[in-house]
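Chemist:
Protein chains: 4
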Amino acid sequence: MTKDKILEAAIHQYSLHNYHGATMQKIAKEVGIKPASIYFFYKNKESLFVAAFQKLLEDHFKRMQSILEEVHEKPILDIFATLIKGTVEYHKNNMNETNAYISLVTSPPAEIKKFLHDHMNKFDKWMIDSLHHLIKRDHPKISDEEAVNLTRKFILLLDGIFWEINLYDDDELSVQIEQAVHILEVLLGGNYNAK
Amino acid sequence: MTKDKILEAAIHQYSLHNYHGATMQKIAKEVGIKPASIYFFYKNKESLFVAAFQKLLEDHFKRMQSILEEVHEKPILDIFATLIKGTVEYHKNNMNETNAYISLVTSPPAEIKKFLHDHMNKFDKWMIDSLHHLIKRDHPKISDEEAVNLTRKFILLLDGIFWEINLYDDDELSVQIEQAVHILEVLLGGNYNAK
Amino acid sequence: MTKDKILEAAIHQYSLHNYHGATMQKIAKEVGIKPASIYFFYKNKESLFVAAFQKLLEDHFKRMQSILEEVHEKPILDIFATLIKGTVEYHKNNMNETNAYISLVTSPPAEIKKFLHDHMNKFDKWMIDSLHHLIKRDHPKISDEEAVNLTRKFILLLDGIFWEINLYDDDELSVQIEQAVHILEVLLGGNYNAK
Amino acid sequence: MTKDKILEAAIHQYSLHNYHGATMQKIAKEVGIKPASIYFFYKNKESLFVAAFQKLLEDHFKRMQSILEEVHEKPILDIFATLIKGTVEYHKNNMNETNAYISLVTSPPAEIKKFLHDHMNKFDKWMIDSLHHLIKRDHPKISDEEAVNLTRKFILLLDGIFWEINLYDDDELSVQIEQAVHILEVLLGGNYNAK
DNA sequence: TATGAATGAGATTTCATTCAT
DNA sequence: AATGAATGAAATCTCATTCAT
Chain A
0 MTKDKILEAA IHQYSLHNYH GATMQKIAKE VGIKPASIYF FYKNKESLFV AAFQKLLEDH
60 FKRMQSILEE VHEKPILDIF ATLIKGTVEY HKNNMNETNA YISLVTSPPA EIKKFLHDHM
120 NKFDKWMIDS LHHLIKRDHP KISDEEAVNL TRKFILLLDG IFWEINLYDD DELSVQIEQA
180 VHILEVLLGG NYNAK
Chain B
0 MTKDKILEAA IHQYSLHNYH GATMQKIAKE VGIKPASIYF FYKNKESLFV AAFQKLLEDH
60 FKRMQSILEE VHEKPILDIF ATLIKGTVEY HKNNMNETNA YISLVTSPPA EIKKFLHDHM
120 NKFDKWMIDS LHHLIKRDHP KISDEEAVNL TRKFILLLDG IFWEINLYDD DELSVQIEQA
180 VHILEVLLGG NYNAK
Chain C
0 MTKDKILEAA IHQYSLHNYH GATMQKIAKE VGIKPASIYF FYKNKESLFV AAFQKLLEDH
60 FKRMQSILEE VHEKPILDIF ATLIKGTVEY HKNNMNETNA YISLVTSPPA EIKKFLHDHM
120 NKFDKWMIDS LHHLIKRDHP KISDEEAVNL TRKFILLLDG IFWEINLYDD DELSVQIEQA
180 VHILEVLLGG NYNAK
Chain D
0 MTKDKILEAA IHQYSLHNYH GATMQKIAKE VGIKPASIYF FYKNKESLFV AAFQKLLEDH
60 FKRMQSILEE VHEKPILDIF ATLIKGTVEY HKNNMNETNA YISLVTSPPA EIKKFLHDHM
120 NKFDKWMIDS LHHLIKRDHP KISDEEAVNL TRKFILLLDG IFWEINLYDD DELSVQIEQA
180 VHILEVLLGG NYNAK
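Residue numbers (numbering that gives the first Met the number 0), protein chains in the order written: chain A, 0 to 194; chain B, 0 to 194; chain C, 0 to 194; chain D, 0 to 194.
1. Does the beta carbon of D:E69 come closer than 8 Å to any beta carbon on chain C?
2. Measuring only between beta-carbons, confirm whether A:K152 sits less than 8 Å from chain B.
3. For C:V70 and C:I164, which I take to be in contact (beta-carbon distance under 8 Å), what is that distance rounded to the nearest angstrom?
4. If we cut at 8 Å on Cβ distances, does B:I141 have a partner in chain A?
5. In three-state DSSP terms, what is C:H71?
6. What are the residues in the region 30 to 61 of chain A lying within 7 Å of chain B by C-beta distance?
7. Is there a Cβ from chain A that is less than 8 Å from the Cβ of B:S65?
8. Would you tell me roughly how many angstroms separate the C-alpha atoms of B:T105 and B:K112, rounded to the nearest one?
9. Count the other CB atoms, across all protein chains shown, that sit within 10 Å of the CB of A:A221; report buried if there are 16 or more and exposed otherwise.
10. Let me see if you follow: with CB-CB separation under 8 Å, is B:Q24 close to chain A or not?
11. Do the region 39 to 54 of chain D and the region 124 to 144 of chain D touch if we need at least three Cβ pairs shorter than 8 Å?
12. Among B:A9, B:A27, B:M0, B:Y38, whose alpha-carbon lies nearest the alpha-carbon of B:L103?
13. Taking C-beta pairs closer than 7 Å, name the residues in chain C that D:K77 reaches, listed in chain order.
14. Taking CB distances under 8 Å as the criterion, tell me whether D:N190 reaches chain C.
15. In chain B, which residues lie with their C-beta within 7 Å of the C-beta of A:H11?
16. What span of residues does the alpha helix (DSSP H) with C:S36 cover, start to end?
17. Would you please verify whether the beta carbon of B:G85 is less than 8 Å from any beta carbon of chain A?
18. Quick one: is B:W125 near chain A, going by C-beta distance under 8 Å?
19. B:L186 and B:K152 look like a contact to me (Cβ under 8 Å); what is the Cβ gap, rounded to whole Å?
20. Taking only three categories from DSSP, how would you classify C:K140?
21. Less than 8 Å separating the beta-carbons of C:Y18 and C:F48?
22. Compare the C-beta of D:V185 against all C-beta atoms of chain C and say whether one is closer than 8 Å.
23. Is A:E145 closer than 8 Å to A:L76 when the C-beta atoms are compared?
24. Given a threshold of 16 other Cβ atoms within 10 Å of its Cβ, counted over all protein chains shown, does B:A21 qualify as buried or as exposed?
25. Starting from the Cα of C:H181, find the closest Cα among C:F60, C:A80, C:P74, C:D3 and give me that residue.
26. Who are the Cβ neighbours of B:S196 in its own chain at under 6 Å, not counting the five residues just before and after it?
27. Would you identify the three-state DSSP class for C:N190, choosing helix, strand or coil?
28. What number of angstroms, rounded off, separates the C-alpha of C:R62 from the C-alpha of C:P107?
29. Are the C-beta atoms of B:E163 and some chain A residue less than 8 Å apart?
30. Assuming contact is defined by CB atoms lying nearer than 8 Å, are C:H156 and C:L82 in contact in what I supplied?
31. Any heavy atom of the ligand ZN within a distance shorter than 7 Å of the CB on C:F60?
32. Between C:H118 and chain D, is the shortest Cβ-Cβ distance under 8 Å, so that the two count as touching?
33. Excluding five sequence neighbours on each side, which residues of the same chain lie with their C-beta closer than 6 Å to the C-beta of D:T150?
34. Contact check, C:I37 vs C:A50 under 8 Å by CB: the rounded distance?
35. Give me the subset of the region 168 to 181 of chain A whose CB atoms are less than 7 Å from a CB atom of chain B, sorted by chain position.
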């Protein structure tokens, strides 16, 4: 559908050139239509990008949910590792969207700032709740506070890996993922010297 | 000096609006000159931004070096903590430059990509070398491999915190910094009898 | 059609002010549109002028062909005279195009140099072939070499007249045309003292 | 002297890009000074070019005079031939100035039109007078009217050759010069028993 | 649904010129 | 005699948008 293709092209162009550089011209060209035609589907550039960003964030959220769903029966360390690897894999396979997502988070256009903040809260809450529940399932003796802190540490590591997707090539990134998993192992098991 | 003021204004406008949104008009206005005057100092927009980005990366590097210099006599855990806090503090105090730095890293203009990559390599190499040396100083029994891995873990945590500067407010960020320091403590065997 | 009107205005402005003086502003004003609209039809100034110059040269060629066609049944001296007078008349009536043509030939923009050279070759070849054939028709005893040289002489005289269109007013030019015709008469007939 | 070098650079740039394209920037660069420095010597662009064009026309005139002076003792046909060859040679060796001269004649800037017209008249008058006198010297029987017409024919041929300097390469031009000389030979009765 | 044609606004850049030094 | 610094004006071109078809 043309409307969806416009959305995808908008995200792609945004990932390449940011808001001001993602021109209606370039978007239209990528879709194979004329700029005037975009206005049949979207009122103007701003509303096109509001729609594009919503799709972007929702896709990202859904993806994270589906990863968690797939692995939620495994032990918590496996879940952690799978989430990290799944995140990396997803972003490697969707660099367009990921770059757009990063640009969006780091310098959101004024119009979408509120929407973005709400989304982030929802996402964080969901992840903390889900992980907290799974930690307690596997390690019933861990206190609530410890479980929360462990979740926070996991998110911190996930954010570190996420940022490093931009900085490192595949091999270096694999090493960093190992480091992250190893940290979680230590935190969960205490069998540090066992490694 | 006008030339330097132009550079700073370019970075500021870049942090606000990215490359295409940082117009010569806005930059000139911020400096208090007319757009045409910029061309006396810089051949064109591209070369202005190449100069701006070089300054940005060099400033960032120098700042990290000076933080490390200030604390290098303390125990390694303090150094880790200070580096993390110093990084956060620096970025909080220089949001212009930080946002510009992030935009630059996530979606660098084609012309500066090589320069950026070289800089990143230099910076990483410097940080790994410096920390490796300090870890061995305080924990002489740690093997080279372990020291390298510890450094990598520290960088991973630092990257996580760095990314979260964008996402969290001050209080939340403090909590995350605590988590990071706690992880490093654990890794260094602080409250782990296992080590 | 707007596209054609732009072309004509470009030629006119070029004849008045040369390439750098023929601004998009002036061209648009002459057409009755805004400068930005030109870019709907032509990618940029350069490609507009490449198109304009092609039209210019083609028009000139076609005109010369049609003159020759009209008179080719008359005796060769009449043909010579008609070609000279036709050339002058055409240029007097199309001073825009003629001035543009001269500017083009004397200082062609780099982009059109090859096209210009090819055109000139084609034009020369056509004129020499056509005239050679007509000379032999009327004066079968003239050798091939003599016919070629006579053609060359005619072209030389035509070029002289052409250049003098710029220098002389109408009366002076008429005198010069007479001189040219007289020379051709002499060359063809040898009855020099007859005049 | 800088003032003269500016003049030469102005002519050169004019020959390359015409009035609007010959910028103070380019002229200054060719001289090796800064644009602002030109204003020490010339009030503004217009007065610089008035001076440049005067020099151009005077140089051209002087050159023609000196050629004539060198050969005025030879027979008239030799004088004709030498003038033609001298003109070509001069222009081939001074393409900068020649192109500037042609541009000037074909599309003079408004400010210099009067000066140009006066110069042309003076030049023509001088050439007609000089040649008329020399024709009568060698061919005392030729009537005044015939002498005038012969001079006109010579000028016509000279103009033809002049225009062809732009169109033909060296070899082709040599052939055309031969044609011109041959015509003059015929007109002077060289190998025509009819006269 | 889609486009051709057009435009106002504004972006980048160039240019002639000025003026203090 | 020459320049560094600056600017108003204008040139080229882009961009979001409109509207009739």
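For every residue, glycine included, the Cβ atom is placed at its ideal position computed from N, Cα and C. Model, not experiment: these values are computed from the prediction.
Modeler: This is what the structure gives:
1. no
2. yes
3. Not really, about 20 Å apart at Cβ, beyond 8 Å.
4. Contacts with chain A at 8 Å (Cβ-Cβ) do not include B:I141.
5. coil
6. none
7. No, no contact with chain A.
8. 11 Å
9. Coverage of chain A is limited to positions 0 through 194, which leaves residue 221 of chain A absent and any answer about it impossible.
10. no
11. no
12. B:A9
13. Sequence check: residue 77 of chain D is Asp here, not Lys. Going along chain C, no residue has its Cβ under 7 Å from D:D77, so there is no contact; the nearest lies around 20 Å.
14. Since pLDDT at D:N190 reaches only 46, below the 50 mark, its modelled position is unreliable, and the value read off the structure follows with that caveat. Cβ-Cβ to chain C under 8 Å: no for D:N190.
15. What A:H11 touches in chain B: nothing, since even the nearest Cβ is about 12 Å away.
16. Bounds of the alpha helix (DSSP H) holding C:S36 are 34 to 40.
17. no
18. no
19. The beta-carbon distance between B:L186 and B:K152, rounded to whole angstroms, is 6 Å. This is short enough to meet the 8 Å contact definition.
20. coil
21. yes
22. yes
23. The answer is no: Cβ separation not under 8 Å.
24. buried
25. C:A80
26. The structure shown does not extend to residue 196 of chain B, since chain B is modelled only from 0 to 194, so the question has no answer here.
27. Note that C:N190 scores a pLDDT of 47, beneath 50, so its modelled location is shaky and nothing firm can be said.
28. Cα-Cα distance, rounded: 21 Å.
29. yes
30. Position check: residue 156 of chain C holds Leu in this sequence, whereas His was assumed. When the beta-carbon positions are compared, C:L156 and C:L82 stay at least 8 Å from each other.
31. Within the structure as shown, the ligand ZN is missing, as the structure has no ligands at all.
32. no
33. I127, L130, H131
34. About 11 Å separates the two Cβ atoms, so there is no contact after all.
35. V174, Q175, Q178, A179
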